[in-house]
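First comes the structure, then the notes that go with it.
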Amino acid sequence: MTREEIIAKVNAVLAEEFEVELDAFTPDADIKDTLSLDSLSLVDLVAIIQYTYKIKVPASDLPKIKTFNDLYDYIESHLPVE
Amino acid sequence: MERKVVITGMGIWSCLGKTLEEVRDSLYSGKSGIVFSQERKEAGFRSALCAHVEHPDLKPFVPRNLRQFMPEEAQYAYMATRSALENAKLDQDCIDKREVGIIYGNDSVAEATMHALDKFREFKDTSACGSGSIFQSMNSTVTMNLACLFKLRGINLTASAACASGSQAIGLAYLLIRNGLQDCIICGGAQEANLYSVASFDGIQSFSIRENEPAKASRPFDRDRDGLVPGGGAATLIVESYEHAVKRGAPILAEIVSWGFSGNGDHISTPNVAGPARSLELCLKNGGIDTRQIGYINAHATSTRIGDGREALAIDRMFGDYKVPVTSTKSQTGHEMWMAGASELIYSILMMKNDFIAGNINFENPDEETACLNIVPETRGAHFDMFLSNSFGFGGTNSTLIVKNL
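Line by line, the protein sequences give chains B and Y.
Just so we're aligned: 50 in the UniProt record's numbering is position 50 of the first sequence, and the numbers increase by one with no gaps anywhere.
Just so we're aligned: 239 in the UniProt record's numbering is position 239 of the second sequence, and the numbers increase by one with no gaps anywhere.
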């Protein structure tokens, strides 16, 4: 899966799940602010990454994912080998 | 000092309609809300019959992060409660100035619990359950969600009493208001309508298998009844003290005159006659009501052989020679279970306010037990100012309410 494919897919999934317009998803935008995530709904972000990419995100990794770019990087570097 | 307890608003989300007017017309015309569900048949149900309950869209009203906490039945309850509050002229500003409580009947959240645990087992990770699961999976999900959404600061309680849950919730609200412990309580009952919630119920062969005639399957008291049909939705009533209602200029629809309850102390699923009869007796006695004051009985009767027969005998035992008109609106709605005690109060109030008794559709012939009742088979014009509503549940939990026209 290319980075462009990752970005397109994750953006579509997040837009639908969190009911946010796609044009708000800029690479440097803060994920929590953009998706209106609080301490509870942050769990949904973890769950969605898990459902979509079969990637487990340990709580200790969450601070590393601040922007959309961070999220794309995280997924790209943790994708299971096909 | 005992206070007068009145109903000032009603709202409903049911297979008979989503507004009081629509439900009134459905009751009057004898509409059946029962359908054949191909989905249930393919899933392996013995009976694919169920009530058709539309799924509400809460997007315009509740933000995503709060909707995450709401399973299906909480969504029905939210819609019913919005309507009831509007009907009672109780807006958010009005709620904010008072201590308004909530007591709602609910006794399962099967689908939400199942989905959460399926995800957990699939991914072997508790985070996979998602953020809303814990709040969706608890029996008190309706009251916890609505209390937060409507910012309620009074009593916050769920009544879980099987198919008497809605009725017991209203009875408890009546008691707290009558005794001066609360002034205003939102109460009602909610029932999930998804197939998972009743799969095990289907498994014990409780449902009608008259699949070729869905509208004729739910036939309480009829000789040829062969089981109940599961329904769902939610019904909300705004209950408050008479003084409180007058003071805030609320519309006053009816008075809750009495509540009676009992336990069978017997079999878990097979009802007896003595338990329901004591619930009726206590309700009449508590309210100081003579049987001849009751103009209509909305029976619990679900269309099961034993249940309907035992209720008929219990009513007959209490009412004797006075052949009060009786119907079961479950003939139209199927069994709305945790919701039924509340929805059936609304159905009966709509009849009382509009001078008719909705016919017990599909009642063609009595059997040897139900022959003792005066069952109204077709809708007829009738004026009555007081009715009695029965709700009975598994484990032998019985609840009876008497409501008077105002």
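Idealized CB from N, CA, C, for every residue including glycine.
Quick caveat, the model's predicted, so the values are computed rather than measured.
So with CB distances below 9 Å, who are the chain B contacts of Asp125/Y? Counting from 1 along the second sequence, the entry for residue 125/Y is found at position 125. Residues of chain B with a Cβ closer than 9 Å to the Cβ of Asp125/Y are, in chain order, Val46, Ala47, Gln50, Lys56.
Smallest Cα separation from His335/Y: which of Lys4/Y, Val62/Y, Ser14/Y? Counted from its first residue, the second sequence places residue 335/Y at position 335. Looking at the Cα atoms, Ser14/Y is the closest of the given residues.
Measuring only between beta-carbons, confirm whether Asp28/B sits less than 8 Å from chain Y. Residue mapping note: residue 28/B aligns to position 28 of the first sequence, counting from 1. Taking CB atoms only, Asp28/B has no neighbour in chain Y less than 8 Å away.
Cα separation between Leu280/Y and Tyr322/Y? Start at 1 with the first residue of the second sequence, and residue 280/Y comes out as number 280. Start at 1 with the first residue of the second sequence, and residue 322/Y comes out as number 322. Spanning the two alpha carbons is a distance of roughly 15 Å.
Beta-bridge pairing of Ile7/B - partner residues as DSSP gives them: Taking the first sequence and counting its residues from 1, the one referred to as residue 7/B is at position 7. BP columns for Ile7/B are empty, so no partner.
Could you confirm whether any beta carbon from chain B is found closer than 8 Å to the beta carbon of Gln68/Y? Taking the first residue of the second sequence as position 1, residue 68/Y is located at position 68. Residue contact check for Gln68/Y against chain B: a CB pair falls below 8 Å.
Does chain B have any CB closer than 8 Å to the CB of Ser131/Y? Within the second sequence, residue 131/Y is the residue found at index 131, counting from 1. By the rule that beta-carbons nearer than 8 Å mark a contact, Ser131/Y touches chain B.
Considering only C-alpha positions, which residue in the set Asn362/Y, Arg64/Y, Tyr76/Y is nearest to Arg225/Y? Here the question's residue 225/Y lines up with position 225 in the second sequence. The candidate whose alpha carbon is nearest that of Arg225/Y is Asn362/Y.
Neighbour list for Ala340/Y in chain B, Cβ cutoff strictly below 9 Å: If you number the second sequence from 1, residue 340/Y lands on position 340. Correct list: empty, because the minimum Cβ distance to chain B is about 33 Å.
Asp38/B versus chain Y: which residues are under 7 Å apart at the beta carbon? Locating residue 38/B in the first sequence gives position 38, where the first residue counts as 1. The contacting residues are Asn65.
Where Val20/B falls: helix, strand or coil (DSSP): For the purposes of this step, residue 20/B is taken as residue 20 along the first sequence, with counting starting at 1. Of the three classes helix, strand and coil, the one that applies to Val20/B here is coil, per DSSP.
Please confirm whether Leu152/Y and Ile103/Y have their CB atoms less than 8 Å apart. Here residue 152/Y corresponds to residue number 152 of the second sequence, with the count starting at 1. Here residue 103/Y corresponds to residue number 103 of the second sequence, with the count starting at 1. No, the Cβ-Cβ distance between Leu152/Y and Ile103/Y is not below 8 Å.
Own chain partners of Arg40/Y with C-beta closer than 7 Å, once the 5 adjacent residues on each side are dropped: Here residue 40/Y refers to the residue found at position 40 of the second sequence. Ala48, Cys50, Leu195.
Along chain Y, in chain order, which residues have C-beta atoms closer than 8 Å to that of Val13/B? Within the first sequence, numbered from 1, the residue matching residue 13/B stands at position 13. In chain order: nothing, as chain Y lies at least about 14 Å away.
Three-way DSSP call (helix, strand, coil) for Ala340/Y in this model: For this step, residue 340/Y is matched to residue 340 along the second sequence. If DSSP states are grouped into helix, strand and coil, Ala340/Y belongs with the helices.
What residues of chain C sit near Val43/B, judged by a beta carbon separation below 7 Å? Of the protein chains in the structure, B and Y, none is chain C.
Contacts of Phe68/B in chain Y (Cβ-Cβ under 8 Å): As a first step, residue 68/B must be located in the first sequence, where it is residue number 68. Those do not exist, as Phe68/B stays about 18 Å from chain Y at its closest Cβ, beyond 8 Å.
Go to Leu43/B, then tell me how far its alpha helix (DSSP H) extends in each direction, as first and last residue. Along the first sequence, read from residue 1 onward, the residue named residue 43/B stands at position 43. A small correction: the amino acid at residue 43/B is Val; Leu does not occupy that position in the sequence shown. Boundaries of the alpha helix (DSSP H) around Val43/B: 42-53.
How big is the Cα-Cα spacing for Ala15/B and Pro27/B? Counting from one through the first sequence, the residue named residue 15/B turns up at place 15. Counting from one through the first sequence, the residue named residue 27/B turns up at place 27. Cα to Cα, Ala15/B sits roughly 14 Å from Pro27/B.
List the DSSP bridge partners of Phe187/Y. Taking the second sequence and counting its residues from 1, the one referred to as residue 187/Y is at position 187. Residue identity differs from the one stated: residue 187/Y is Cys in this sequence, not Phe. Ile103/Y, Leu237/Y, per the DSSP bridge assignment.
Using 10 angstroms around the beta-carbon of His300/Y, count the other beta-carbons present and answer buried if the total reaches 16, otherwise exposed. For the purposes of this step, residue 300/Y is identified with residue 300 of the second sequence, where counting begins at 1. Buried is the call here.
Phe18/B: contacting residues in chain Y (beta-carbon distance under 7 Å): The sequence position of residue 18/B within the first sequence is 18, counting from 1. Taking a Cβ-Cβ cut-off of 7 Å, the neighbours of Phe18/B in chain Y comprise Arg64, given in sequence order.
Run of the alpha helix (DSSP H) containing Asn145/Y, from where it starts to where it stops: Position 145 of the second sequence, counted from the first residue, corresponds to residue 145/Y. Annotation: the continuous alpha helix (DSSP H) that includes Asn145/Y extends over 141-149.
Please list, in chain order, all residues of the same chain as residue 89/B whose beta carbon is under 6 Å from its beta carbon, the five residues on each side excluded. Any answer about residue 89/B is impossible in this case: the structure gives chain B only from 1 up to 82.
If distances are taken between C-alpha atoms only, which option among Thr34/B, Leu40/B, Val10/B, Lys56/B comes closest to Lys124/Y? Here residue 124/Y corresponds to residue number 124 of the second sequence, with the count starting at 1. Cα-wise, what sits closest to Lys124/Y is Lys56/B.
Whole-angstrom C-beta distance between Ala254/Y and residue 413/Y, which should lie under 8 Å: Absent from the structure is residue 413/Y, since the part of chain Y shown begins at 1 and ends at 406.
Please check the pair Thr327/Y and Gly359/Y, which I expect to be a contact at CB under 8 Å, by giving their CB distance rounded to whole angstroms. Taking the first residue of the second sequence as position 1, residue 327/Y is located at position 327. Taking the first residue of the second sequence as position 1, residue 359/Y is located at position 359. The Cβ separation is near 7 Å, so the contact holds.
Val6/Y by DSSP, collapsed to three states: which one? Start at 1 with the first residue of the second sequence, and residue 6/Y comes out as number 6. Here Val6/Y sits in strand by DSSP.
Can you look up Val23/Y in the DSSP assignment and give me helix, strand or coil? Position 23 of the second sequence, counting from 1, holds the residue named residue 23/Y. The answer is helix: DSSP assigns Val23/Y an H, G or I state.
Tell me which residues share the same chain as Arg82/Y and place their Cβ nearer than 8 Å to its Cβ, disregarding the 5 neighbours each side in the sequence. Mapped onto the second sequence, residue 82/Y falls at position 82. Gly11, Phe61, listed in sequence order.
Going along the chain, which residues of its own chain have a beta-carbon closer than 6 Å to the beta-carbon of Asn390/Y, five neighbours each way excluded? Numbered from 1 along the second sequence, position 390 holds the residue referred to as residue 390/Y. Excluding residues within five positions, the ones whose Cβ falls inside 6 Å are Ala299, His300, Thr400.
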